[in-house]
Every structure is written in structure tokens, then in C-alpha cells.
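Numbering-wise, the working numbering puts 67 at position 70 of the sequence shown, and it's gapless, one number per residue. Down below is the structure, laid out as C-alpha cells.
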Amino acid sequence: MFVLKKNINRLTDEELMKLFIEKDHQGAFNVIYERYSKRLLGYFIKMFNGDLPQAQDFVQDLFIRIVEKKHLFDTEKKLYSWIFTIASNMCKTSFRKPSAISLTSWKETLEQEVPDIDKLVFKKILRAEIYQLEHHHKVVFILRHLERFSLEEIATITETNIGTVKSRLFYATKTISKKIKNYAPEDWVDTFKLG
């Protein structure tokens, strides 16, 4: 199967991966990298509380794993689910309980000095609170609310059932909502939907 360079961008993710598996086609791999590297970088940045160098390292490690384990991909399944499953598992194995940082005193200082906290500060507080969640809650929260995956997709990525995803998502959303309600802009309520 000969694929012209100009047509390779029209292939689906799964067709590209099949081409890469069967022919070791570097052009196909490059297109996959272009399609996913920025989104994965954003995911890892969120998982690691804004640590860009760590997120960049994880993106590179993930694509190395894809090259080394390409034979494990089932071309009948969705590539994005497989990639985000790998990403989720990488985070799980590297996840460490964050050191005790005093978010409370930081928030109290902000509250005293700046009664009307702007959206940028709110986003920083939100990110810090997300980072404090246990790994399995953080993953479903980020995949649902920040990466916009469906519940079914999250179940596939996290290798759990939909009931577990809903339970973890409910807990994470409730926890985050409770912690940020005093700092949130007025329109924040619509940000986190459970459906």
C-alpha cells in the first residue's frame, strides 16, 4: 500500500497507526505525533500542576512507548483511547503525594488583600485544588471537564466501568466545587456538569 505524502493527512488515526505498524511508515507516525503531541502536553501539564518540563518529558516518553509497543495496538479500536490509556497509566505510576503546601494560608492572604479575585487567580486556585485530588479522581476530572472526553471514553481510558467513572467524577466535582466556591467567578457553576 503506497500512500502519497499529500494524502497521508487524510487518513484516520487508526489507518495511520496500521500503516506505522505494518510498514514502519515514519510519515504516518509524524502525523500521529502532530495530531496528539499538543493535546497530550496540555493533559500532562494539568496532571502535574503546570510543571512544563515534566509534562514535556512525559510526552516524549509516551511517544517512545508508542514506537516500542506499536504491536500492542488493536487497529479495530480508537487510537486516542489507547494513547490516553498509556498517558493515564504513566501518570498513575509516577504519581506521588504532593508535598504539604499551604494552600489555605495562600488563599487566606488572597482573600484579605484582593476581595475580587480575577479569573486568572481563580484558574491558579482551581489548578492547585485539582492537583490535590487523589490520582484516580484527578484523572477522571481532567479527562471530563478539561479534555472533554465522554464518560464512555473515560471508562475505556481508565480501564474501569462507567459506574466507577461516574462515582469518581461526582466525588471529584463535589470536592473541587466545595473548595473553590468562595473564589469562583459568578459564571463558574456551569463549568462542571456531571452529565
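Glycine is no exception: its CB is placed at the ideal position from the N, C-alpha and C atoms. Because the structure is a prediction, the values reported are computed rather than measured.
Residue range of the alpha helix (DSSP H) that His134 falls in? Taken as a continuous stretch (DSSP letters only), the alpha helix (DSSP H) holding His134 covers His132 to Phe138.
Mark Leu123 as exposed unless 16 or more other C-beta atoms lie within 10 angstroms of its C-beta, in which case mark it buried. Counting Cβ neighbours within 10 Å, Leu123 comes out buried, since at least 16 surround it.
Taking the straight line between their C-alpha atoms, what separation do you get for Arg7 and Phe70? In this model, Arg7 and Phe70 are separated by some 20 Å (Cα to Cα).
State the DSSP-derived secondary structure class of Lys74, mapped to helix, strand or coil. Per DSSP, reduced to three states, the secondary structure at Lys74 is coil, with no helix or strand assignment.
Under the three-state reduction of DSSP, which class applies to Ser147: helix, strand or coil? In the structure shown, Ser147 sits in coil (DSSP, three-state: anything other than H, G, I, E or B).
Alpha-carbon to alpha-carbon, His142 and Tyr40: Distance between the alpha carbons of Tyr40 and His142: 11 Å.
In whole angstroms, what is the alpha-carbon distance linking Arg55 and Lys175? The sequence as given places Phe at residue 55; Arg does not occur at that position. Going by C-alpha positions, Phe55 is about 31 Å away from Lys175.
So what does DSSP say about His142, is it helix, strand or coil? Here His142 carries a helix assignment [DSSP, helix/strand/coil].
Within the segment -2 to 29, note down every full alpha helix (DSSP H) run reaching 4 residues or more, in order along the chain. Counting whole runs of 4 or more residues, the segment -2 to 29 contains the alpha helix (DSSP H) stretches 10 to 20.
When you compare only the Cα positions, how much space is there between Trp103 and Val118? Confidence at Trp103 is low in this model, with a pLDDT of 38, below 50, so its placement is unreliable and the value that follows should be read with caution. In this structure, the straight-line span from the alpha carbon of Trp103 to that of Val118 is close to 11 Å.
Among residues of its own chain, excluding the 5 on either side of Thr153, which ones have a beta-carbon nearer than 6 Å to its beta-carbon? Once the five neighbours on either side are set aside, the close Cβ partners of Thr153 are Ser78.
Can you grab the Cα-Cα spacing for the pair Met87 / Tyr33, in whole Å? So the two alpha carbons sit approximately 16 Å from each other.
Can you tell me the Cα-Cα spacing of Arg62 and Lys178, whole angstroms? Taking the Cα positions, Arg62 is about 40 Å away from Lys178.
Consult DSSP for Leu100 and reduce its assignment to one of helix, strand or coil. Model confidence at Leu100 stands at a pLDDT of 42, short of 50, so the residue's coordinates are unreliable; what they give is reported in the following sentence. Secondary structure at Leu100: helix, using DSSP grouped into helix, strand and coil.
What is the DSSP secondary structure of Gly39, counted as helix, strand or coil? It is helical.
Determine whether the beta carbon atoms of Lys135 and Met44 lie at a separation below 8 Å. Contact check for Lys135 against Met44 passes: the beta carbons are separated by less than 8 Å.
Please determine, among Ala125, Glu131 and Ile5, the residue with the shortest C-alpha to C-alpha distance to Ile42. For Ile42, the closest of Ala125, Glu131 and Ile5 by C-alpha to C-alpha distance is Ala125.
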